[in-house]
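Here's the structure we're looking at; comments come further down.
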Amino acid sequence: MKRKRFHRTACVAFWGVAMICCWLPFSDVPAFAQGSEQDLRERIEQLEKMMLEQRRIMDAYEEELRSVKEELNRQAATMDEKVKAAAKKPEYQEYLREIMQSIRLTEKVETPEEKRLRTLYDEGFYLEGVDDQLRIGGWLQADSRWFLDGDHPEKDTFLVRRARLDIRGVLENHWGYRLYGTLIGERNGILQEGWLEYRKYGGLRIRAGQVLEPFSLEAVYSARWTDFIERAMIVNALSPQEDIGIMAFGKVYQDQLVWALGFFNGQGRNEDAVVDDKDVTLRLVYSPFLHSTSLSWLNNLYVGGSFSTGNNERDLSGTEFSTQAFTPFFDFEPGVTQDDRLTRWGLEAEYLYGPFNLKTEYLSGHFETVGNGNEFADLDVNGFYLNLGYILTGENAPRDLPIHPRSVFDPSEGGWGAWQLMGRYQILTTDEELLDLGLATGTDRAQSATVGLNWFPNRHIRFQFNYDHAWFQDEITVQGVSLDSEDTFTTRFLYDF
Numbered sequence: 007m008k009r010k011r012f013h014r015t016a017c018v019a020f021w022g023v024a025m026i027c028c029w030l031p032f033s034d035v036p037a038f039a040q041g042s043e044q045d046l047r048e049r050i051e052q053l054e055k056m057m058l059e060q061r062r063i064m065d066a067y068e069e070e071l072r073s074v075k076e077e078l079n080r081q082a083a084t085m086d087e088k089v090k091a092a093a094k095k096p097e098y099q100e101y102l103r104e105i106m107q108s109i110r111l112t113e114k115v116e117t118p119e120e121k122r123l124r125t126l127y128d129e130g131f132y133l134e135g136v137d138d139q140l141r142i143g144g145w146l147q148a149d150s151r152w153f154l155d156g157d158h159p160e161k162d163t164f165l166v167r168r169a170r171l172d173i174r175g176v177l178e179n180h181w182g183y184r185l186y187g188t189l190i191g192e193r194n195g196i197l198q199e200g201w202l203e204y205r206k207y208g209g210l211r212i213r214a215g216q217v218l219e220p221f222s223l224e225a226v227y228s229a230r231w232t233d234f235i236e237r238a239m240i241v242n243a244l245s246p247q248e249d250i251g252i253m254a255f256g257k258v259y260q261d262q263l264v265w266a267l268g269f270f271n272g273q274g275r276n277e278d279a280v281v282d283d284k285d286v287t288l289r290l291v292y293s294p295f296l297h298s299t300s301l302s303w304l305n306n307l308y309v310g311g312s313f314s315t316g317n318n319e320r321d322l323s324g325t326e327f328s329t330q331a332f333t334p335f336f337d338f339e340p341g342v343t344q345d346d347r348l349t350r351w352g353l354e355a356e357y358l359y360g361p362f363n364l365k366t367e368y369l370s371g372h373f374e375t376v377g378n379g380n381e382f383a384d385l386d387v388n389g390f391y392l393n394l395g396y397i398l399t400g401e402n403a404p405r406d407l408p409i410h411p412r413s414v415f416d417p418s419e420g421g422w423g424a425w426q427l428m429g430r431y432q433i434l435t436t437d438e439e440l441l442d443l444g445l446a447t448g449t450d451r452a453q454s455a456t457v458g459l460n461w462f463p464n465r466h467i468r469f470q471f472n473y474d475h476a477w478f479q480d481e482i483t484v485q486g487v488s489l490d491s492e493d494t495f496t497t498r499f500l501y502d503f
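To convert, count from 1 in the sequence shown and add 6; that's my numbering.
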């Protein structure tokens, strides 16, 4: 306030002195010296009036400046309120989080190298150093299963389908690792995957330990984000899943070709080899139009195939091919083994365009020398599925990832998450010879049609609802009850962190 008064007084004095200096050269000095006292007073009064006028003008300028400042402050406050209100809207929160994440990852760290450590939370809990990273995550699936057939022997039930803890990271920039285990009991231990990987070159990466074999489109995708609550019957019947061995893989030709080749014990999770021979598994996936601009609508077309073969010994007792509700329709009898080569192969295609997605796959397996010591036969297993999906809320369909809703579920803000409608047809067939020889029970053909609805309130939570109708070539017997078809309704909620 004192500074403002000083500026105002200085301005008045300046204008007063300036007017006197301008007036004196034109005044009659002798007359001024000889003028009466009355003249002198009049001139002083004139000067005072001029100074008062100048003060009025300065006050007006100050008032106008104050009004401008108040208006600017009011507009800034209004804009700040609008930005804060917009930031609260679900559709903008995701972008703000990504921006903040980018800032955290790119900001310069001034601490000594051995002390540089950042704690982040984005798709899991991260500890990140200069050249090391540790990520801790996990997920849980809780289901309910309802048999709509009044005479079905299985009971309606609630169950925890999967619970996983996932620890992975990077050592010295180029070495990746993973410890991935189940938190619910399994006959083959709790370790799902445990491996070390050298990943400096994108076109050639080496992974050793217990790894997911590169076989089948649907089998290599995470169980968190499958289109339906359960994978297709043929995928469950033939895919090797995790095994102990070594695998090379990578992306080449500007990422258009994805390849993987591995050598494995052939006995599954946490099992030692029983023969010297190793299973060999190969998978190739090609996206011919990945970088095309003239055919951009085909950018997300992927075609590929898988092949696996091995000369091994397997105990098939208790092994079964089952429906989506885990009702067995082809069951190997006790004491049945396979003592020769198992060869599996498949063809696959996947296409995504905006909210639409399509997946299809044909798989075939040839089991040589299946028997019980008295009777032996070869077994051929073949199957096919076709999945079609459309995201009703308009988001783009992802590959092996959760849907990111445009607006997360928040009724007060008008957000309802992402909704996806799915449909599937599938079939699995086998030879009749094992059934005729008494080496297996059930039927040689099963088909099913499934309708599903997937709801993502946000990218970490998913609800699924599936209705499945399965029918069999011949009647099957389950706990003494004969069935020629099966109708089930299943639900699931999943969360991951």
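In this text, a Cβ means the ideal position worked out from N, Cα and C, and glycines have one as well. On a predicted model such as this, the values are computed, not experimentally measured, just so you know.
Whole angstroms is fine: what's the gap from residue i's alpha carbon to residue j's?
| i | j | result |
| --- | --- | --- |
| threonine 333 | glutamate 326 | 9 Å |
| lysine 114 | leucine 165 | Interpretation of lysine 114 is limited by its pLDDT of 46, a score under 50 that renders its predicted location unreliable; no figure is taken from the coordinates. |
| leucine 348 | glutamate 134 | 44 Å |
| arginine 498 | serine 302 | 35 Å |
| glutamine 139 | leucine 71 | 56 Å |
| tyrosine 292 | glycine 209 | 14 Å |
| serine 413 | leucine 398 | 13 Å |
| phenylalanine 338 | tyrosine 368 | 23 Å |
| glutamine 470 | glycine 324 | 29 Å |
| alanine 214 | leucine 197 | 15 Å |
| alanine 37 | isoleucine 50 | Low confidence applies to alanine 37: its pLDDT is 47, below 50, so where it sits in the model is not reliable, and the reading given next is rough at best. Distance between the alpha carbons of alanine 37 and isoleucine 50: 16 Å. |
| glutamate 316 | aspartate 283 | With the sequence shown as reference, residue 316 is identified as glycine, and glutamate is not the correct amino acid for it. Between glycine 316 and aspartate 283, the C-alpha separation is close to 7 Å. |
| glutamate 481 | serine 228 | 34 Å |
| glycine 371 | aspartate 386 | 6 Å |
| aspartate 384 | threonine 375 | 5 Å |
| glutamate 119 | glycine 143 | No answer about glutamate 119 holds up, because its pLDDT of 49 lies below 50 and its placement is not dependable. |
| asparagine 318 | serine 418 | 60 Å |
| threonine 366 | alanine 83 | 56 Å |
| histidine 180 | aspartate 502 | 27 Å |
| isoleucine 212 | valine 258 | 15 Å |
| glutamate 116 | tryptophan 351 | With a pLDDT of 48 at glutamate 116, under the threshold of 50, the modelled position of this residue cannot be trusted, and the question is left open. |
| glutamate 2 | tyrosine 359 | Since the first residue shown for the chain is 7 and the last is 503, residue 2 is missing from the structure and cannot be characterised. |
| alanine 355 | proline 404 | 15 Å |
| lysine 88 | glycine 421 | 19 Å |
| glutamate 178 | glutamate 236 | 38 Å |
| phenylalanine 390 | alanine 331 | 18 Å |
If I'm right that residue i touches residue j with Cβ under 8 Å, what's the distance once you round it to whole angstroms?
| i | j | result |
| --- | --- | --- |
| leucine 434 | alanine 446 | With 8 Å as the limit, leucine 434 and alanine 446 do not qualify as a contact, their Cβ atoms being about 13 Å apart. |
| phenylalanine 234 | threonine 456 | 6 Å |
| glycine 310 | leucine 290 | 5 Å |
| glutamate 199 | glycine 182 | Not a contact, Cβ separation roughly 12 Å. |
| aspartate 416 | aspartate 437 | Between aspartate 437 and aspartate 416 the Cβ distance is about 54 Å, and since that is not below 8 Å, they are no contact. |
| serine 491 | phenylalanine 478 | 7 Å |
| serine 298 | asparagine 305 | 7 Å |
| glutamine 216 | isoleucine 250 | 5 Å |
| tryptophan 231 | proline 361 | 16 Å between Cβ atoms; not a contact. |
Along the alpha helix (DSSP H) that carries residue i, what are the first and last residues, could you check?
| i | result |
| --- | --- |
| leucine 6 | Any question about residue 6 goes unanswered here, given that the chain covers just 7 to 503. |
| glutamate 439 | 439-442 |
Counting along the chain, where does the beta strand (DSSP E) carrying residue i start and finish?
| i | result |
| --- | --- |
| asparagine 393 | 382-397 |
| glutamine 139 | 139-153 |
| glutamate 134 | 131-134 |
Give the DSSP bridge partners of residue i, in chain order.
| i | result |
| --- | --- |
| leucine 171 | Gly144 and Gly187 |
| methionine 428 | Gly395 and Gly458 |
| glutamate 277 | For glutamate 277, which the question treats as bridged, DSSP gives no partner whatsoever. |
| aspartate 511 | With the chain covering 7 to 503 only, the question about residue 511 has no answer from this structure. |
| phenylalanine 164 | Ser150 |
| valine 176 | Gln139 and Gly182 |
| glycine 421 | Asp416 |
| valine 74 | Paired residue(s): none; valine 74 is not in a bridge. |
| tyrosine 292 | Leu263 and Val309 |
| leucine 434 | Gly389 and Ala452 |
| glycine 377 | Thr343 and Phe382 |
Give a yes or no on whether 8 Å exceeds the smallest Cβ distance from residue i to chain C.
| i | result |
| --- | --- |
| asparagine 472 | Although the question refers to chain C, the structure presented lacks it and comprises just one protein chain. |
For the region 187-264, which segments carrying the beta strand (DSSP E) assignment without a break, of at least 3 residues, lie completely within its bounds, in sequence order?
Those beta strand (DSSP E) runs which fall completely within the region 187-264 and span 3+ residues are 197-207, 210-218 and 248-258.
Could you name each continuous alpha helix (DSSP H) segment of 4 residues or more that falls completely within the region 294-374, going from the start of the chain to the end?
Taking only runs of at least 4 residues, no alpha helix (DSSP H) segment lies wholly in the region 294-374.
Output the residue ranges of the alpha helix (DSSP H) runs that lie fully inside the region 436-486 and measure 4 residues or longer, sorted by chain position.
Fully enclosed alpha helix (DSSP H) runs of 4 or longer: 439-442.
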